[in-house]
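For the record, in the sequence shown the residue sitting at position 264 is 264 according to full-length UniProt numbering, with numbers rising by one throughout.
Encoded as structure tokens, the structure appears first; notes follow it.
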Amino acid sequence: MRKRVAVTGFGIVCALGNDKKSVKEALMNNLNKMQELSKIKDYGVLNHVKVGRTDVDEPNISSPNDFDKSEIMARMALEEACLEAGYENLSFEQFGIRASLSLATSVMGSEYIIKYSGEKSNDAEWLIKSKAYASRMAKEFKIYGGVYTTSSACASGSAGLGIAFDLIKSGQNDVVLCGGTDHISDISVFGFKSLNTLSEDRCKPFDKLRDGINIGEGSAFFVFEEYEHAIKRNAKILGEIIGYGLANDAYHITSPDPNGEGAYHSMKMALDDIEDENLSEIYVNAHGTGTKANDEMELKAIKKAFGDIQIYMSSTKALTGHCLGAAGSIEFAFSLMFLEEGKIPKTANSNFDIATVENIRDEIPADFSAKRILSNSFAFGGNDATIIVEKYTKD
Numbered sequence: 001m002r003k004r005v006a007v008t009g010f011g012i013v014c015a016l017g018n019d020k021k022s023v024k025e026a027l028m029n030n031l032n033k034m035q036e037l038s039k040i041k042d043y044g045v046l047n048h049v050k051v052g053r054t055d056v057d058e059p060n061i062s063s064p065n066d067f068d069k070s071e072i073m074a075r076m077a078l079e080e081a082c083l084e085a086g087y088e089n090l091s092f093e094q095f096g097i098r099a100s101l102s103l104a105t106s107v108m109g110s111e112y113i114i115k116y117s118g119e120k121s122n123d124a125e126w127l128i129k130s131k132a133y134a135s136r137m138a139k140e141f142k143i144y145g146g147v148y149t150t151s152s153a154c155a156s157g158s159a160g161l162g163i164a165f166d167l168i169k170s171g172q173n174d175v176v177l178c179g180g181t182d183h184i185s186d187i188s189v190f191g192f193k194s195l196n197t198l199s200e201d202r203c204k205p206f207d208k209l210r211d212g213i214n215i216g217e218g219s220a221f222f223v224f225e226e227y228e229h230a231i232k233r234n235a236k237i238l239g240e241i242i243g244y245g246l247a248n249d250a251y252h253i254t255s256p257d258p259n260g261e262g263a264y265h266s267m268k269m270a271l272d273d274i275e276d277e278n279l280s281e282i283y284v285n286a287h288g289t290g291t292k293a294n295d296e297m298e299l300k301a302i303k304k305a306f307g308d309i310q311i312y313m314s315s316t317k318a319l320t321g322h323c324l325g326a327a328g329s330i331e332f333a334f335s336l337m338f339l340e341e342g343k344i345p346k347t348a349n350s351n352f353d354i355a356t357v358e359n360i361r362d363e364i365p366a367d368f369s370a371k372r373i374l375s376n377s378f379a380f381g382g383n384d385a386t387i388i389v390e391k392y393t394k395d
């Protein structure tokens, strides 16, 4: 029998703030907190590029035992999630192998590799520690079940949440700590520059004049629990996961399938997970990066997945930048905030282009209160992931 999966706590760090309260206030008011890349360090001709930088100090990594920024943010978010869920001692030892950790990232650990390449001693510990973050967190939070690391580029965050969903749905686990984290790094800055996909200004998702992405950083972590497990301990349930899909374009290493076939299939799989066919009162938290190729194919995929059903949709990346491997988890946190607040802001910094997509609307009515939110993440390598959360109502 399929187990129900509840969210009982989450924490978040991103350009909008260092905790849930400050992030929610900025999110609901579409506040622009983008900064120039030069605030991190001197990037020369790229100093003017806008990024979604967090208010977390840049760490000085002088030894393999120092935490990089991704790990610092992950620990901040995970601690906030555990405290909200009622696990004040930050330990899951009592659950033994019934508790697991699912961590998602894209560039976490890259600073150690860069350090290794510049070290004359060729100390291999730099390479070992570059992949030790999940085990360090499992040790600290006393996780004795599975420890999973997902790195499927910008779909990592949602894919990692999907692993947690499957672990509980199948009955293997009662509790899974899950989330994503990534920081702005040389690899991401120069990588996207080499592809000519960095916007010259603030990104404009789904706008006719969109010209690329802003890179962002941050982390969001969650406590997923088996529903009856949460009920027995009188936990507050923030939402219920009801669908998940994972697919691939099998098309190109960096470009999405122009017809959005992989994106469609990940949404279709997630929608097929829902036990009823009522797709009204659903909102799509779009991947919406602001590139020509992504936004066009995503609209096609949404149209194919929902047909003639009117769908409300928006993107939040003009507020945070594209947080890479953390994007899916951060935007899932936003989805929970939208359910809690009962309202959804429109896409910031965008004149939404609806010329080819009737039945998809970015102007979200004030009286529209989503009962279900579908959140998309699409990535290099054709990786596509979709997760659906439902507003919780007591049985």
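For glycine and all other residues, C-beta sits at the position ideal for the given N, C-alpha and C.
Can you tell me whether residue i is buried or exposed, with buried defined as 16 or more other CB within 10 angstroms of its CB?
| i | result |
| --- | --- |
| F190 | exposed |
| residue 408 | Since the first residue shown for the chain is 1 and the last is 395, residue 408 is missing from the structure and cannot be characterised. |
| L101 | buried |
| A124 | exposed |
| A134 | buried |
| residue 400 | As shown, the chain starts at 1 and ends at 395. That puts residue 400 outside it, with no answer to give. |
| S80 | First, the residue type needs correcting, since residue 80 is Glu and not Ser in the sequence shown. Buried, because 16 or more other Cβ atoms sit within 10 Å of the Cβ of E80. |
| D55 | exposed |
| D395 | exposed |
| A164 | buried |
| K24 | buried |
| K371 | exposed |
| H287 | buried |
| A366 | exposed |
| D57 | exposed |
| V49 | buried |
| I330 | buried |
| T393 | exposed |
| E71 | buried |
| A250 | exposed |
| R233 | exposed |
| E341 | exposed |
| N351 | exposed |
| D308 | exposed |
| V45 | exposed |
| D272 | exposed |
| D19 | exposed |
| D42 | exposed |
| M1 | exposed |
| I311 | buried |
Using 8 Å for Cβ pairs, my map puts residue i next to residue j. What's the rounded Cβ distance?
| i | j | result |
| --- | --- | --- |
| G218 | M73 | 6 Å |
| L159 | L246 | According to the sequence provided, residue 159 is Ala. The question's Leu does not apply to it. That belief holds up - the Cβ atoms of A159 and L246 are roughly 6 Å apart, short of 8 Å. |
| A348 | A318 | 4 Å |
| Y144 | I113 | Not quite, the Cβ-Cβ distance comes to about 29 Å (not below 8 Å), so this is no contact. |
| G243 | A270 | 4 Å |
| N248 | D384 | 6 Å |
| C203 | S377 | Going by Cβ atoms, the distance from C203 to S377 rounds to 16 Å, so no, they are not a contact pair. |
| I253 | F380 | 6 Å |
| S314 | K346 | 5 Å |
| G216 | G9 | So it is not a contact: roughly 23 Å between Cβ atoms. |
| S185 | V107 | 5 Å |
| I360 | S375 | At roughly 16 Å, the Cβ-Cβ gap does not stay under 8 Å, so I360 and S375 are not in contact. |
| N389 | I282 | Looking at the sequence provided, one finds Val at residue 389 rather than Asn. Not quite, the Cβ-Cβ distance comes to about 11 Å (not below 8 Å), so this is no contact. |
| G86 | A235 | 6 Å |
| F334 | L31 | Not a contact, Cβ separation roughly 13 Å. |
Could you pull the start and end residues of the alpha helix (DSSP H) that residue i belongs to?
| i | result |
| --- | --- |
| T393 | Neither: T393 is in no alpha helix (DSSP H) and is coded neither H nor E. |
| residue 396 | Given a span of 1 to 395 for the chain in the structure shown, any question on residue 396 remains unanswerable. |
| L339 | A327 to E341 |
| L319 | K317 to T320 |
How is the beta strand (DSSP E) around residue i delimited, first residue to last?
| i | result |
| --- | --- |
| V5 | V5 to V13 |
| S22 | No beta strand (DSSP E) holds S22; the alpha helix (DSSP H) holding it covers K20 to M28. |
| S38 | Neither: S38 is in no beta strand (DSSP E) and is coded neither H nor E. |
| A220 | G218 to E226 |
| G52 | K50 to G52 |
| S375 | R372 to F378 |
Which complete alpha helix (DSSP H) runs does the region 65-91 hold, if anything under 4 residues is left out?
If we require 4 residues or more, the alpha helix (DSSP H) runs fully inside the region 65-91 come out as 69-85.
Fully enclosed by the region 101-180, which beta strand (DSSP E) runs are 3 residues long or longer?
Listed in chain order, the complete beta strand (DSSP E) runs (minimum 3 residues) inside the region 101-180 are 147-150.
I'd like to know if the region 152-169 and the region 1-15 are in contact, where contact means that at least 3 CB-CB pairs between them fall below 8 Å.
They touch, by the three-pair rule.
Within the region 231-311, ranges of the beta strand (DSSP E) (whole runs, at least 3 residues):
Considered as a whole, the region 231-311 harbours 239-248 and 282-285 as its complete beta strand (DSSP E) runs of no fewer than 3 residues, in chain order.
Tell me whether the region 77-93 and the region 173-190 touch, counting them as touching only if at least three CB pairs, one residue from each stretch, are closer than 8 Å.
Segments in contact, yes.
Okay, do the region 270-283 and the region 195-215 touch, 3+ Cβ pairs below 8 Å being the bar?
Too few Cβ pairs lie closer than 8 Å, so no.
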